[in-house]
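First the structure, in the form of structure tokens, and then the observations on it.
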Amino acid sequence: MCGIVGYLGHRSASSILLDCLKRLEYRGYDSAGMGLHVEGGIEVLRGAGRLTGLEAKLSSLNGHAAKAQVGIGHTRWATHGKPTEENAHPHVSPDGKIVVVHNGIFENFLELRAELSYAGIVPQSQTDTECFPLMMHLMMRQGIGFEDAFSLTVDRMRGKYALACMHADHPGKILLARSGPTLVVGLGNGEHFVASDVAPLLPHTRTVTFLEDGDIAELTARGLRVLDRTMQHSVRRPSQRIDWDDDAAELDGHPHYMRKETFEQPRALERTIEAYLQAGQVDLGLPALEEAWTQIDRVSILACGTSWHAGLVGKFLIEQLARVSVEVDYASEYRYRAPLATDKTLAIAITQSGETADTIAALSEAKSLGARTLAICNAVGSQVTRIAEGTLITRAGPEIGVASTKAFTTQLAVLTLLGLRLGRARGTLNEAEAAAVGSALAALPGQLQRVLELAPQIEQIAHEFYASHDALYIARGPLYPIALEGALKLKEISYIHAEGYPAGELKHGPIALIDRDMPIIALMPNDAHRERTLSNLQEAAAREGAIIALVAEGDRALDGIASAVIELPDVHPAVAPILYSVPLQLLAYYIAILRGCDVDRPRNLAKSVTVE
Ligand code: F6R
Numbered sequence: 035m036c037g038i039v040g041y042l043g044h045r046s047a048s049s050i051l052l053d054c055l056k057r058l059e060y061r062g063y064d065s066a067g068m069g070l071h072v073e074g075g076i077e078v079l080r081g082a083g084r085l086t087g088l089e090a091k092l093s094s095l096n097g098h099a100a101k102a103q104v105g106i107g108h109t110r111w112a113t114h115g116k117p118t119e120e121n122a123h124p125h126v127s128p129d130g131k132i133v134v135v136h137n138g139i140f141e142n143f144l145e146l147r148a149e150l151s152y153a154g155i156v157p158q159s160q161t162d163t164e165c166f167p168l169m170m171h172l173m174m175r176q177g178i179g180f181e182d183a184f185s186l187t188v189d190r191m192r193g194k195y196a197l198a199c200m201h202a203d204h205p206g207k208i209l210l211a212r213s214g215p216t217l218v219v220g221l222g223n224g225e226h227f228v229a230s231d232v233a234p235l236l237p238h239t240r241t242v243t244f245l246e247d248g249d250i251a252e253l254t255a256r257g258l259r260v261l262d263r264t265m266q267h268s269v270r271r272p273s274q275r276i277d278w279d280d281d282a283a284e285l286d287g288h289p290h291y292m293r294k295e296t297f298e299q300p301r302a303l304e305r306t307i308e309a310y311l312q313a314g315q316v317d318l319g320l321p322a323l324e325e326a327w328t329q330i331d332r333v334s335i336l337a338c339g340t341s342w343h344a345g346l347v348g349k350f351l352i353e354q355l356a357r358v359s360v361e362v363d364y365a366s367e368y369r370y371r372a373p374l375a376t377d378k379t380l381a382i383a384i385t386q387s388g389e390t391a392d393t394i395a396a397l398s399e400a401k402s403l404g405a406r407t408l409a410i411c412n413a414v415g416s417q418v419t420r421i422a423e424g425t426l427i428t429r430a431g432p433e434i435g436v437a438s439t440k441a442f443t444t445q446l447a448v449l450t451l452l453g454l455r456l457g458r459a460r461g462t463l464n465e466a467e468a469a470a471v472g473s474a475l476a477a478l479p480g481q482l483q484r485v486l487e488l489a490p491q492i493e494q495i496a497h498e499f500y501a502s503h504d505a506l507y508i509a510r511g512p513l514y515p516i517a518l519e520g521a522l523k524l525k526e527i528s529y530i531h532a533e534g535y536p537a538g539e540l541k542h543g544p545i546a547l548i549d550r551d552m553p554i555i556a557l558m559p560n561d562a563h564r565e566r567t568l569s570n571l572q573e574a575a576a577r578e579g580a581i582i583a584l585v586a587e588g589d590r591a592l593d594g595i596a597s598a599v600i601e602l603p604d605v606h607p608a609v610a611p612i613l614y615s616v617p618l619q620l621l622a623y624y625i626a627i628l629r630g631c632d633v634d635r636p637r638n639l640a641k642s643v644t645v646e
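Just so we're on the same page, my numbering is the position in the sequence shown counted from 1, plus 34.
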């Protein structure tokens, strides 16, 4: 969804901002724009559609814009008003002097528009954002200075926002405000950067400062000054180092980010597991929550989409390893169902971005009911990490492809480690059982490498099924959520209708769909459910369903029954969900490519869903 960038330094702001905007493309957007401090004022460029349009506009300025050393930029994901040039950011005051980019929603914009119209100021767009520069203009017309007008306007806004603002008469200054969406400042050598997440900052600096909710800040050549709401007193915000790889957000020779990120999973898992498991001992590094492990009588997992599927696997793992009851809610539903939570509830938000509006609202709701709170998140410093008492960071590195791959499997690894810690603390898991799961986790990166070597076989299978209109994914036990996730991956990137079911549910309805045109993707590891899944598959085969089976190495039971069999390492049941996810990611990927789909940027989807 919307992304903000800013630059202030000694290099060409337009090319740096363009590069930073490209690195935010993955969030999803439908128009883009830039404001540049040039000789005599601020040049504003905006356009509907992809960044290539903005790039063309920049080059038509004949080098004029290239001289600018200060600027702000934006990618917009339309909420209020269509994705047109007029609605694209930056929004500008009537005299062209105040220029603003915004991420979030001003909930009271209708009331503000009425007030502005009473003062004779007419908005040029349908957006909520435009109220901001117009309101500032109104104040400055009354003699209020730039900084004061900014903070007074921030005070007038209700809702969630991250903002960057420039004024034509203050060329060396960018004002910032945050209440909700992340805004991070990168501190370089004589140059400074602003962005909605750290990915655009990585090529320039590793030293970053996250603004906190309620902060107003001033970025100048001297650096960042964070102020309280009165703009009178400075507030200290520590800077931190980001240790992601230099090339983490680059394609690195792969045709798509989704492929690259799928193939990065052995390393991402290794990093994640090593962070919390050393010499066979789990150390989550969460002193504030240590006493909660034994005090809780319920776990409440809150998440959306793929992260919700991770939560469903977490339910199996935590209930089995720690013998505590786990419920898993769609975060978008939680607040609206009068949820039950007490100080004996551990509410866990799972979110790769840490910015999902529904998940943040659900965790806040659980917290207000007294629950202890934990986040599992891939984005250091994101909103969710500020709400939860403790955060387990997944070490997946930046995930650019909209379809989640490595962020998902690292979430599963962290949930397994959490299950181990809870199980040991609660005395429900003996040392030998814990050691077996720990060793299975440690062996996983190597086994995943072998799974990735099956890519040519999976690509071949994709050739046989890519023209299908529907697909069924089935499995039992902790693999059932992986069937749901496999179906989601296929539908979001290839637009094939797909559904996931527990294998035992087939005969209660979906079996009616089965004929030779319905591929059935079945997950049948060598676990306690194997025999029953096998019976279900025989029922499907009897109705001519074309079965693609994922089984443990050496399992011959489906020879002659399945159209294709993919053999995977025979692993401990606790880590099978991670291992079986990967072939399904590859299958969806190859099918989507054969259908000519944009796998990294599927239609209508955004990576960071910051609206309800
Ligand atoms: C699908 C996908 C989405 C996200 C969902 C929640 O591949 O990525 O379903 O899982 O939008 O996002 P996060 O995890 O950022 O809260």
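C-beta: ideal position from N, C-alpha, C; glycine also. As the structure is a prediction and not an experimental result, all values here were calculated from the model.
Proximal residues to residue i (C-beta, below 8 Å), its chain only, five neighbours per side dropped
i, result
"Q572", "I595"
"M552", "S502, D504, A505, L506, G579, A580"
"V72", "H98, A99, K101, A102"
"T187", "F166, M169, M170, M173"
"R45", "Q103, E225"
Contact test: residue i Cβ vs the ligand F6R heavy atom, cutoff 7 Å
i, result
"G534", "no"
"V347", "no"
"Q299", "no"
"E526", "yes"
"V269", "no"
"A37", "Looking at the sequence provided, one finds Gly at residue 37 rather than Ala. Outside the cutoff, so no."
"A356", "no"
"T643", "In the sequence on display, residue 643 carries Val and not Thr. It does: the Cβ of V643 is within 7 Å (strictly closer) of some heavy atom of the ligand F6R."
"L547", "no"
"T425", "no"
"Q386", "yes"
"A521", "no"
"C338", "yes"
"T650", "With the chain represented from 35 up to 646, any question about residue 650 goes unanswered, as that position is not in the structure."
Through-space distance from residue j to residue i, alpha-carbon basis
i, j, result
"T390", "I382", "14 Å"
"G138", "V645", "7 Å"
"L403", "D392", "17 Å"
"A409", "G75", "45 Å"
"K349", "L557", "19 Å"
"M169", "Y624", "50 Å"
"L592", "A459", "41 Å"
"R270", "E246", "10 Å"
"P157", "Y368", "37 Å"
"V585", "P617", "11 Å"
"A6", "Y291", "Nothing in the structure corresponds to residue 6, since the chain is present only between 35 and 646."
"L95", "D162", "29 Å"
"P536", "A546", "15 Å"
"N570", "D589", "16 Å"
"D182", "M265", "7 Å"
"E298", "L346", "24 Å"
"V232", "F244", "10 Å"
"V436", "S642", "9 Å"
"D277", "A413", "12 Å"
"K91", "G62", "21 Å"
"M200", "Q386", "32 Å"
"G43", "A255", "7 Å"
"T113", "E498", "40 Å"
"G543", "A583", "21 Å"
Strand pairing of residue i, partner residues [DSSP]
i, result
"R275", "T241"
"D53", "Its beta-bridge partners do not exist; DSSP assigns none."
"K440", "DSSP output for K440 lists no bridge partner at all."
"M174", "In the DSSP output, where bridge partners are listed per residue, M174 has none listed."
"S268", "L261"
Contacting residues, own chain, Cβ-Cβ under 7 Å from residue i (five flanking each side not counted)
i, result
"T340", "S438, F442, E519, L522"
"L285", "Y291, K294"
Same chain only: Cβ atoms within 6 Å of residue i, ignoring 5 sequence neighbours per side
i, result
"H343", "P515, L518, E519"
"P512", "V347, F350, P611"
"S359", "R332"
Near the ligand FMN: residue i beta-carbon under 7 Å from a heavy atom
i, result
"A82", "Within the structure as shown, the ligand FMN is missing, the only ligands being the ligand F6R."
Decide yes or no for the touch test of the region 303 to 323 against the region 485 to 492: beta carbon pairs closer than 8 Å, at least 3 of them. No, the region 303 to 323 is not in contact with the region 485 to 492.
Closer than 8 Å is the cut-off here; do at least three beta carbon pairs connect the region 296 to 304 with the region 442 to 452? yes
Check whether the region 309 to 320 and the region 329 to 339 are in contact - that is, three or more C-beta pairs closer than 8 Å. no
Are the region 178 to 197 and the region 51 to 68 touching, with three or more C-beta to C-beta distances below 8 Å? no
Determine contact between the region 96 to 108 and the region 46 to 55, defined as no fewer than three beta-carbon pairs at a distance below 8 Å. yes
With three or more C-beta pairs closer than 8 Å as the rule, is the region 315 to 328 touching the region 369 to 376? no
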